[in-house]
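Here the structure comes first, spelled out in structure tokens, and everything after it is commentary.
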Amino acid sequence: MTKFEVYKDKSGEYRFRLKAGNGQVIAVSEGYKSKTSCMNGIESVKKNAPAAPIVEIEK
Numbered sequence: 035m036t037k038f039e040v041y042k043d044k045s046g047e048y049r050f051r052l053k054a055g056n057g058q059v060i061a062v063s064e065g066y067k068s069k070t071s072c073m074n075g076i077e078s079v080k081k082n083a084p085a086a087p088i089v090e091i092e093k
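Every letter in the sequence shown is one number past the one before it in my numbering, and letter 24, counting from 1, is 58.
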């Protein structure tokens, strides 16, 4: 089952990571000063990801 994990990093900021059903990390957030902001970040990903376009970056 895919899940979001919320944790505090070494500097005391909140972060989330998105894990696939096999346990592989597929996304990691920026650091947030508050847990509420971190949770809002998760909600933003849930809301906006389904409509996000795929953009290929070529070097």
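From the three backbone atoms N, C-alpha and C, an ideal C-beta is built for every residue, glycine too.
Every value quoted in this text rests on a predicted model; they were computed, and no experiment measured them.
With DSSP run on the structure shown, which of helix, strand or coil describes residue i?
i, result
"Ala61", "strand"
"Lys53", "strand"
"Gly93", "First, the amino acid is wrong: residue 93 is Lys here, not Gly. Correct three-state label for Lys93: coil."
"Lys37", "strand"
According to DSSP, what are the bridge partners of residue i?
i, result
"Lys42", "Tyr48"
Roughly how many whole angstroms lie between the Cα atoms of residue i and residue j?
i, j, result
"Val59", "Pro84", "18 Å"
"Val89", "Lys44", "33 Å"
"Pro87", "Thr70", "27 Å"
"Leu52", "Asn74", "14 Å"
"Ile76", "Tyr66", "11 Å"
Is the distance from the Cβ of residue i to the Cβ of residue j below 8 Å?
i, j, result
"Gly57", "Met35", "no"
Within the continuous alpha helix (DSSP H) that includes residue i, where are the two ends?
i, result
"Ile88", "Premise fails: Ile88 is in no alpha helix (DSSP H) and is neither H nor E."
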